[in-house]
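Colleague:
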Amino acid sequence: AQSVTQPDIHITVSEGASLELRCNYSYGATPYLFWYVQSPGQGLQLLLKYFSGDTLVQGIKGFEAEFKRSQSSFNLRKPSVHWSDAAEYFCAVGPPGAGSYQLTFGKGTKLSVIP
Amino acid sequence: NAGVTQTPKFQVLKTGQSMTLQCAQDMNHNSMYWYRQDPGMGLRLIYYSASEGTTDKGEVPNGYNVSRLNKREFSLRLESAAPSQTSVYFCASSVGTEGNTIYFGEGSWLTVV
Numbered sequence: 004a005q006s007v008t009q010p011d012i013h014i015t016v017s018e019g020a021s022l023e024l025r026c027n028y029s030y031g032a033t034p035y036l037f038w039y040v041q042s043p044g045q046g047l048q049l050l051l052k053y054f055s056g057d058t059l060v061q062g063i064k065g066f067e068a069e070f071k072r073s074q075s076s077f078n079l080r081k082p083s084v085h086w087s088d089a090a091e092y093f094c095a096v097g098p099p100g101a102g103s104y105q106l107t108f109g110k111g112t113k114l115s116v117i118p
Numbered sequence: 473n474a475g476v477t478q479t480p481k482f483q484v485l486k487t488g489q490s491m492t493l494q495c496a497q498d499m500n501h502n503s504m505y506w507y508r509q510d511p512g513m514g515l516r517l518i519y520y521s522a523s524e525g526t527t528d529k530g531e532v533p534n535g536y537n538v539s540r541l542n543k544r545e546f547s548l549r550l551e552s553a554a555p556s557q558t559s560v561y562f563c564a565s566s567v568g569t570e571g572n573t574i575y576f577g578e579g580s581w582l583t584v585v
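Protein chains in written order, with the working numbering: chain S, 4 to 118; chain P, 473 to 585.
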């Protein structure tokens with residue numbers, strides 16, 4: 004069975020600093036990988052996804068993520084954080100070719116941004 | 473462009489009461505989902521409907537029923553609410569089920585006392 008771990012429950016960064024949120028997955032092959040963001044009181048919004056090909060994926064709002072097969076990781080990065088990036092971030096994993104109903108979500112990392 | 477709309481946004485129920493959460497999407501999506509979100513637990517799938525006329529259980533279906541009323545609407549019913557069902561509920565939809573982007577509603581906060 005697939006699983007996903009987000010090791011950091013809460014991260015605080017200063018505005019303008021770089022950001023890296025960690026995501027590790029457990030699956031026998033290369034899965035489908037996703038990052039979602041949830042602003043307070045809102046639903047989740049897709050930031051980016053990886054199915055295959057180039058291991059560096061660009062997303063919306065200036066985010067990118069890198070798939071590293073050897074480390075079973077799909078970490079999310081942003082070079083310079085803005086106060087509006089304060090939100091909760093969820094990594095999700097699903098079997099290749101799988102239905103969206105087969106996604107497993109991580110427990111989330113809450114990002115706080117210091118002005 | 474409304475996307476995925478859920479009602480009600482907030483609800484307080486007494487143990488044993490029933491209620492239905494309504495969801496509608498205007499994106500002509502085939503697949504719809506109901507998730508619950510609990511602190512420190514991430515999102516867990518309750519039920520999904522891959523296409524109009526079909527529904528299937530997800531990870532945590534006990535205590536819930538669903539109805540795919542038509543292509544646009546997918547409702548979630550709690551027949552006899554329990555305090556363990558206190559949660560935030562999200563409806564979502566996608567074009568199809570294979571690796572497609574899931575679009576979420578804004579959530580329904582349900583408290584069972």
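For every residue, glycine included, the Cβ atom is placed at its ideal position computed from N, Cα and C.
Are the Cβ atoms of residue 107(S) and residue 5(S) separated by less than 7 Å?
Modeller: The residue you call residue 107(S) lines up with position 104 of the first sequence. The residue you call residue 5(S) lines up with position 2 of the first sequence. Yes, these two residues count as a Cβ contact at 7 Å.
Colleague: So, helix, strand or coil for residue 117(S), using DSSP?
Modeller: Walking along the first sequence from the start, residue 117(S) turns up at place 114. Residue state, collapsed to three classes: strand.
Colleague: For the pair the stretch 33–47 of chain S and the stretch 89–103 of chain S, tell me if three or more CB-CB distances fall below 8 Å.
Modeller: With the cut-off at 8 Å, the stretch 33–47 of chain S and the stretch 89–103 of chain S touch.
Colleague: Give, in chain order, every residue of the stretch 528–540 of chain P whose Cβ lies closer than 9 Å to some Cβ of chain S.
Modeller: Listed by position, the residues of the stretch 528–540 of chain P near chain S (Cβ gap below 9 Å) are 528, 530, 531.
Colleague: Determine the closest residue to residue 105(S) out of 512(P), 566(P), 578(P), with distance taken between C-alpha atoms.
Modeller: By 1-based counting over the first sequence, the position of residue 105(S) is 102. Selected option, being the one with the closest Cα: 566(P).
Colleague: Report the neighbours of residue 45(S) on chain P: residues whose CB is nearer than 7 Å to its CB, in chain order.
Modeller: Here residue 45(S) refers to the residue found at position 42 of the first sequence. Under the 7 Å cutoff, chain P gives 578.
Colleague: Of all the beta strand (DSSP E) runs that stay within the bounds of the stretch 56–115 of chain S, which reach a length of 3 or more residues?
Modeller: As far as the stretch 56–115 of chain S is concerned, its whole beta strand (DSSP E) runs of at least 3 residues are 59–61, 67–71, 76–81, 90–97.
Colleague: May I ask you to report which of helix, strand or coil DSSP gives residue 556(P)?
Modeller: The residue labelled residue 556(P) in the question sits at position 84 within the second sequence. The answer is helix: DSSP assigns residue 556(P) an H, G or I state.
Colleague: Residues of chain S with CB closer than 9 Å to the CB of residue 546(P), please, in chain order.
Modeller: Translated into positions along the second sequence, residue 546(P) becomes position 74. The contacting residues do not exist; residue 546(P) stays about 13 Å from chain S at best.
Colleague: Look at residue 553(P) and residue 509(P) and say whether their C-beta atoms are less than 7 Å apart.
Modeller: Sequence index remark: in the second sequence, residue 553(P) carries index 81 (1-based). Sequence index remark: in the second sequence, residue 509(P) carries index 37 (1-based). No.
Colleague: Between residue 113(S) and chain P, is any beta-carbon pair separated by less than 7 Å?
Modeller: By 1-based counting over the first sequence, the position of residue 113(S) is 110. Cβ-Cβ to chain P under 7 Å: no for residue 113(S).
Colleague: Which residue comes first and which comes last in the beta strand (DSSP E) that contains residue 605(P)?
Modeller: Residue 605(P) cannot be examined here, being either before or after the span of chain P that is shown, 473 to 585.
Colleague: Contact check, residue 32(S) vs residue 99(S) under 8 Å by CB: the rounded distance?
Modeller: Taking the first sequence and counting its residues from 1, the one referred to as residue 32(S) is at position 29. Taking the first sequence and counting its residues from 1, the one referred to as residue 99(S) is at position 96. The pair is a contact, with the Cβ atoms about 6 Å apart (cut-off 8 Å).
Colleague: What residue range is occupied by the uninterrupted beta strand (DSSP E) comprising residue 29(S)?
Modeller: For the purposes of this step, residue 29(S) is taken as residue 26 along the first sequence, with counting starting at 1. Unbroken beta strand (DSSP E) run through residue 29(S): 27–29.
Colleague: Does chain S have any CB closer than 7 Å to the CB of residue 565(P)?
Modeller: Taking the second sequence and counting its residues from 1, the one referred to as residue 565(P) is at position 93. Not one chain S Cβ lies under 7 Å of residue 565(P).
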